[in-house]
Amino acid sequence: MSRNGLISSLRRLINDEEPLETRSPSPFEQLRPRMNDIIGDGGILKEVVQPGDGPPVPENASVLIHYSGFLEYSDQPFETTTHLKYPRMMKLGRDVTLAGLELGLLTMKKGEFSRFLLQPQYAYGEMGCPPFIPAAAVVLYEVQILDYLDSGQVDDFITMSVVGRLQEQQNTVPMSTLLEVVNTLRSFGNRFFNQNRYYNAKDRYKQVHFEAMTLLGNRETQSDLEKERIKTALLPLYLNISLAELRLERPHKALKYGNKALEIDSANTKALFRCGQAYLELHEYASAQCCLTSAQAQKPFDSDINNLLRKVTMCYKDSLDKEKDLYSKMFRELKGSVKM
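If you read the sequence shown in UniProt numbering, its first letter stands for residue 1, the second for the next number, and so on.
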């Protein structure tokens, strides 16, 4: 998506498609015939430039978008996020403040790139927003949906918790709904992790852990099937926290959550690998070797496991050699002092 190519491209369309005597319409007037009226009153017009996939953005979702806002006859946006490598996640109904933009987002799908022409009542109103937006301005937004999370259910549970209704209602809510809440929360953490924002990821994962234990661990009636589904939900969470702690160079905490994962699945290769990494950072080479050997037995051709196991073996040998040299030196000094 170009930050400043919109007006130029419209002008090229005018030059290419219209004879000289009909070039008086403005760029926005030229754009309108190609757009659809999405609410029926002409206040929000939409042009799909690149279609997306899947269902449209749900109400109360959290969206990850790039957007640029333009005034007519301006090649430069008055606001844009396209310079950001990682735009922030925006909550509909809270962070998206323009009514027209929010209504437009609800018509979009993941990966879609569209343009919206907003009349003043759906944008900045009759007053505008001086000094950047003049009074009664029609504005155009270019928007691309990078991703979204259906966080409405999460909001409902947070509201329950705040008003003290969670304990009585969590026993009546379907397990599938609770698991969706946990997975959605974990997805927020994954988003931060993929942006290398490990502190944010770790905090979000731990919030998920708290919510998961509250939502899942305290249910009064749990069948064996429910218990297994709870463990299945918690396992990737522990692995995520362990990896985030490793990236933050906190091997003790990484080991703590790696062991929690092993309590659920003692043969999980990712958990064994995480614990091996943590033990290596703690210079506990025998324990690291034990974990990685167990992981290698299940995945003998995994290059990450094999490479780390070789590194641990070398570190372990060097450690034993240094320990042997230290004891030899101590023995020689002790022997010399006895002779004297």
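Beta carbons: idealized from backbone N, C-alpha and C, even for Gly.
Please work out which residues of its chain come closer than 7 Å, Cβ to Cβ, to residue i, disregarding the five sequence neighbours upstream and downstream, and give them in chain order.
i      : result
Leu64  : Pro87, Met89, Leu146, Asp147, Tyr148
Ala288 : Gly276, Tyr279, Leu280, Val312
Lys202 : Ile241, Ala244, Glu245, Leu248
Gln298 : Ala267, Thr269
Give me the Cα-Cα distance between residue i and residue j, rounded to the nearest whole angstrom.
i           : j      : result
Ala233      : Ile305 : 25 Å
Pro120      : Phe113 : 22 Å
Ala254      : Met314 : 22 Å
Met330      : Lys322 : 12 Å
Met35       : Phe116 : 8 Å
Asn268      : Asp41  : 57 Å
Pro25       : Glu72  : 12 Å
residue 384 : Leu179 : Limits of the chain in this structure are 1 at one end and 340 at the other, which puts residue 384 out of reach.
Val162      : Leu98  : With a pLDDT of only 46 at Val162, under the threshold of 50, the placement of this residue in the model should not be trusted; the figure read from the coordinates follows. The alpha-carbon atoms of Val162 and Leu98 are separated by roughly 28 Å.
Glu228      : Met175 : 12 Å
Glu126      : Tyr199 : 43 Å
Arg310      : Leu292 : 10 Å
Ile44       : Gly54  : 23 Å
Ser319      : Ala286 : 10 Å
Cys129      : Ala135 : 7 Å
Asp37       : Val181 : 35 Å
Val143      : Thr184 : 24 Å
Ser2        : Phe78  : Residue placement at Ser2 is flagged as unreliable, the pLDDT there being 48, under the threshold of 50; the coordinate-derived value follows with that caveat. Answer to the nearest angstrom: the Cα atoms are 14 Å apart.
Asp325      : Lys256 : 33 Å
Phe188      : Pro56  : 19 Å
Met108      : Arg197 : 28 Å
Leu20       : Pro33  : Any answer about Leu20 is weak, because its pLDDT of 47 lies below 50 and its placement is not dependable; what the coordinates show is given next. The alpha-carbon atoms of Leu20 and Pro33 are separated by roughly 19 Å.
His265      : Tyr316 : Correcting the residue identity first, residue 265 is Asp in this sequence and not His. The alpha-carbon atoms of Asp265 and Tyr316 are separated by roughly 27 Å.
Ser223      : Phe301 : 38 Å
Cys290      : Leu225 : 32 Å
In chain order, what residues of the same chain lie with their CB nearer than 6 Å to the CB of residue i, ignoring the 5 residues before and after it?
i      : result
Asn4   : Legend: pLDDT at Asn4 = 47, less than 50; position of this residue unreliable, value from coordinates given subsequently. Contacts found: Asp75, Gln76.
Ser303 : none
Ile133 : Tyr124
Glu245 : Lys253, Ala254
Ala295 : Thr269, Leu272, Phe273, Ile305
Gly164 : Residue confidence is low: Gly164 scores 49 on pLDDT, short of 50, so the model does not pin down where it sits. Its coordinate-derived value is still stated next. If we look at Gly164 and ignore the five residues flanking it on each side, it has no Cβ neighbours.
Lys260 : Tyr238
Gly100 : Ile44, Leu118, Tyr122, Ala123
Gln195 : Tyr86
Ala58  : Checking the sequence, you will find Pro at residue 58 rather than Ala. Contacts found: Asp150.
Ser62  : Met89, Lys91, Leu149, Ser151
Leu262 : Ala271
Starting from residue i, trace the beta strand (DSSP E) in both directions and tell me its first and last residue.
i      : result
Lys46  : 44-50
Asp147 : 139-149
Lys91  : 89-91
Pro27  : Run containing Pro27: none in the beta strand (DSSP E); it sits in the alpha helix (DSSP H), 27-31.
Asp53  : 53-56
Would you check if the distance between the CB atom of residue i and the CB atom of residue j is smaller than 8 Å?
i      : j      : result
Tyr205 : Ile241 : yes
Leu308 : Gly258 : no
Tyr141 : Gly52  : no
Val96  : Leu84  : no
Pro131 : Arg186 : no
Could you spell out the range, first to last residue, of the alpha helix (DSSP H) harbouring residue i?
i      : result
Ala116 : According to the sequence as given, residue 116 is Phe; it is not Ala. Note, Phe116: premise wrong, no alpha helix (DSSP H); beta strand (DSSP E) at 113-118.
Asp224 : 224-247
Ser287 : 285-298
His66  : No alpha helix (DSSP H) contains His66, which is instead part of the beta strand (DSSP E) from 62-71.
Lys270 : 269-281
Pro251 : 251-264
Gly104 : 99-105
Taking 7 Å as the cut-off, is the beta-carbon of residue i closer than that to any non-hydrogen atom of the ligand ADP?
i      : result
Lys329 : As for the ligand ADP, it is missing from this structure, which has no ligand bound.
Using a Cβ-Cβ distance cut-off of 8 Å, determine whether residue i contacts chain D.
i      : result
Gln289 : Checking the listed chains, one finds no chain D in this structure; it contains a single protein chain.
In chain order, what residues of the same chain lie with their CB nearer than 8 Å to the CB of residue i, ignoring the 5 residues before and after it?
i           : result
Leu243      : Phe193, Ala254, Arg274
Thr81       : Ile65, His66, Tyr67, Ser68, Pro87
Val138      : Phe28, Glu72, Leu117, Leu118, Gln119, Pro120, Ala123
Ser328      : none
residue 366 : The question about residue 366 has no answer, for the chain in this structure spans 1 to 340.
His283      : Cys315, Ser319
Asn190      : Ala201, Asn240
On the three-pair Cβ rule with 8 Å, is the segment 102-113 touching the segment 45-53? yes
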